[in-house]
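Protein chains in written order, with my numbering: chain A, 1 to 198; chain B, 1 to 198.
By construction, the Cβ of each residue, glycine as well, lies at the ideal position given by its N, Cα and C atoms.
Remember, predicted model here, so these are calculated numbers, not experimental data.
Protein chains: 2
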Amino acid sequence: MKQLQDKVMQEGLVLSNQVLKVDSFLNHQMDPVLMYEVGKEFVRRYAGEKITKVLTIESSGIAPGVMAALELNVPLIFARKQKSLTLRDDIIVEKIYSFTKQESNEVTVSKKYLSADDRVLIIDDFLANGEAASGLARIVEQVGATVVGFGIVIEKSFQPGRSMLLDAGYRVESLVRVASLQDGKVSFVEEEQEVPAR
Amino acid sequence: MKQLQDKVMQEGLVLSNQVLKVDSFLNHQMDPVLMYEVGKEFVRRYAGEKITKVLTIESSGIAPGVMAALELNVPLIFARKQKSLTLRDDIIVEKIYSFTKQESNEVTVSKKYLSADDRVLIIDDFLANGEAASGLARIVEQVGATVVGFGIVIEKSFQPGRSMLLDAGYRVESLVRVASLQDGKVSFVEEEQEVPAR
Chain A
1 MKQLQDKVMQ EGLVLSNQVL KVDSFLNHQM DPVLMYEVGK EFVRRYAGEK
51 ITKVLTIESS GIAPGVMAAL ELNVPLIFAR KQKSLTLRDD IIVEKIYSFT
101 KQESNEVTVS KKYLSADDRV LIIDDFLANG EAASGLARIV EQVGATVVGF
151 GIVIEKSFQP GRSMLLDAGY RVESLVRVAS LQDGKVSFVE EEQEVPAR
Chain B
1 MKQLQDKVMQ EGLVLSNQVL KVDSFLNHQM DPVLMYEVGK EFVRRYAGEK
51 ITKVLTIESS GIAPGVMAAL ELNVPLIFAR KQKSLTLRDD IIVEKIYSFT
101 KQESNEVTVS KKYLSADDRV LIIDDFLANG EAASGLARIV EQVGATVVGF
151 GIVIEKSFQP GRSMLLDAGY RVESLVRVAS LQDGKVSFVE EEQEVPAR
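In structure tokens, the structure reads:
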């Protein structure tokens with residue numbers, strides 16, 4: 001998605017070879033018009049997939065998730081990282097390990113809002129090691145529902161998340177694919193490389 | 001807001017005299033179309049106020065906040081409850097006490113995204129004791145910016161937050177005002193009572 005790639009180029013800060021900071025439009029300040037475009041792009045890519053629910057994880061997944069859900073006119077569920085006082089019974093809990101924070105967190109979804117006939121689009125802001133993404137997929141599959149695929153705003157393609165999800169048979173649509181953050185510079189995956197000439 | 005009040009009536013669960021659970025459309029599962037209507041209603045109420053930024057706090061404020069920001073075509077900032085790895089310098093930190101959780105949390109906003117000429121609409125999902133709301137106002141005022149007012153999805157009018165904010169001179173627009181949760185029943189503030197006959 002050209003518009004989003006330009007935004008990463010203009011405003012993304014490379015903090016290390018692993019960490020890209022996009023606080024100006026995604027992770028702290030948010031560009032709502034861009035988020036709406038992001039939501040619509042996910043819906044375009046998954047057209048015809050009869051999605052019944054969008055699932056994301058708090059907090060930075062909520063804005064792109066709710067925009068996709070608005071465009072699809074289906075509910076958004078956001079998985080909770082902290083145990084809520086009002087979310088107690090009939091919950092699905094999955095442990096998700098964060099490499100950046102070097103700790104495991106329990107992520108919770110209420111069983112009430114997912115059922116076996118749901119077709120779920122999972123949306124997240126970043127895909128790196130794929131721990132959050134696969135944890136969300138396990139939650140969906142625990143109730144017998146179908147993971148239609150993943151919608152990722154920014155993929156760090158030099159980390160193993162994408163391959164892991166593809167190997168597990170999932171569809172992954174990432175709007176921006178970062179090939180490298182070496183030497184303080186963002187470079188992108190050239191999409192031509194994705195479809196080898198026959 | 002009639003549509004939202006109906007939703008609270010139909011789907012809200014009264015867990016105690018103090019706690020209303022609205023996990024089906026606001027705090028866990030989210031109704032994106034309703035959230036868009038909520039965002040538009042805030043914008044309608046604050047028409048002409050020349051708002052330049054919307055400020056909210058993760059996580060449940062993000063969806064109504066981003067919808068208002070979309071309608072206004074201004075950025076949304078969401079204050080962070082946990083220290084972010086990529087949010088380190090030039091930050092404003094405020095302590096916010098949670099009566100329900102009985103603990104203080106530090107809430108963080110980057111100075112980069114607020115300036116003295118900003119006119120800020122503060123949006124949150126609930127208003128109860130007003131601790132989060134006044135903490136967000138202190139953040140805005142620390143940089144010399146103006147709090148235009150508060151946009152609250154559900155106000156628990158039997159708790160002191162609203163009076164505290166009004167006494168401090170702020171404008172408060174709450175889309176649903178809950179008068180009481182006594183005996184497991186939700187009752188609403190009759191808006192006629194707000195404007196006494198002369």
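Subject >> Partner residues on chain A for residue 63 of chain B, Cβ-Cβ distance less than 8 Å >> reply: 62, 63, 66 and 76
Original post:
Does any CB atom of chain A fall closer than 9 Å to the CB of residue 33 of chain B?
Top reply: yes
Subject >> Proximity test, Cβ basis, 9 Å: residue 110 of chain A and chain B >> reply: yes
**OP:** Ignore the nearest five residues each way along the sequence and tell me which others in residue 120 of chain B's own chain have a CB closer than 8 Å to its CB.
**Re:** 51, 52, 53, 54, 55, 114, 140, 145, 146, 147 and 148
Original post:
So, does the CB of residue 46 of chain B fall closer than 9 Å to a CB anywhere in chain A?
Top reply: no
Subject >> Within-9 Å CB hit, residue 193 of chain B to chain A >> reply: Since pLDDT at residue 193 of chain B reaches only 49, below the 50 mark, its modelled position is unreliable, and the value read off the structure follows with that caveat. With 9 Å as the cut-off, residue 193 of chain B does not count as an interface residue toward chain A.
**OP:** Could you check if residue 182 of chain B is buried or exposed, using at least 16 other CB atoms within 10 Å of its CB as the buried criterion?
**Re:** exposed
Subject >> Spatially closest choice to residue 82 of chain B from B:156, B:58, B:62 and B:24, by CA coordinates >> reply: B:58
Original post:
Does any CB atom of chain B fall closer than 9 Å to the CB of residue 73 of chain A?
Top reply: yes
Original post:
Taking contact to mean at least 3 C-beta pairs separated by less than 8 Å, is the stretch 61-79 of chain B in contact with the stretch 31-47 of chain B?
Top reply: yes
**OP:** Please state if the CB of residue 28 of chain B and the CB of residue 110 of chain A are separated by a distance shorter than 9 Å.
**Re:** yes
Original post:
Quick one: which chain B residues come within Cβ less than 7 Å of residue 59 of chain A?
Top reply: 58, 59, 62 and 78
Original post:
To the nearest angstrom, how far is it from the Cα of residue 188 of chain A to the Cα of residue 117 of chain B?
Top reply: 36 Å
Original post:
Per DSSP, residue 108 of chain B forms a beta bridge with which residues?
Top reply: B:80 and B:93
Subject >> residue 116 of chain A at chain B interface by Cβ criterion, 9 Å >> reply: no
Original post:
Within the 9 Å Cβ cut-off, does residue 6 of chain B reach chain A?
Top reply: no
Subject >> residue 137 of chain A, buried or exposed, once every other Cβ within 10 Å from all chains shown has been counted against 16 >> reply: buried
Subject >> residue 103 of chain B - partner residues in DSSP beta bridges >> reply: B:98
Original post:
By the criterion of Cβ-Cβ separation under 9 Å, what are the contact partners of residue 70 of chain B in chain A?
Top reply: 32, 33, 35, 36 and 67
Original post:
For residue 112 of chain B, which residues of its own chain have a beta-carbon under 8 Å away from its beta-carbon, when the five flanking residues on both sides are left out?
Top reply: 90
Subject >> Span of the beta strand (DSSP E), counted from its first residue to its last, around residue 124 of chain A >> reply: 119-127
Subject >> Beta-carbon proximity list for residue 74 of chain A, same chain, < 8 Å, skipping 5 on both sides >> reply: 51, 52, 53 and 54
Original post:
Which bits of chain B does residue 142 of chain A rub up against, with CB to CB less than 8 Å?
Top reply: Result: empty, since nearest Cβ-Cβ is about 16 Å, beyond 8 Å.
**OP:** Answer yes or no: do residue 130 of chain B and residue 177 of chain B have a C-beta to C-beta separation smaller than 9 Å?
**Re:** no
**OP:** Please compile the residues from chain A whose C-beta is within a distance smaller than 9 Å of the C-beta of residue 113 of chain B.
**Re:** 23, 24, 28 and 29
**OP:** Measure the alpha-carbon distance for residue 160 of chain B versus residue 127 of chain B and round it to whole angstroms.
**Re:** 9 Å
Subject >> Where residue 11 of chain B sits in the DSSP three-state scheme >> reply: helix
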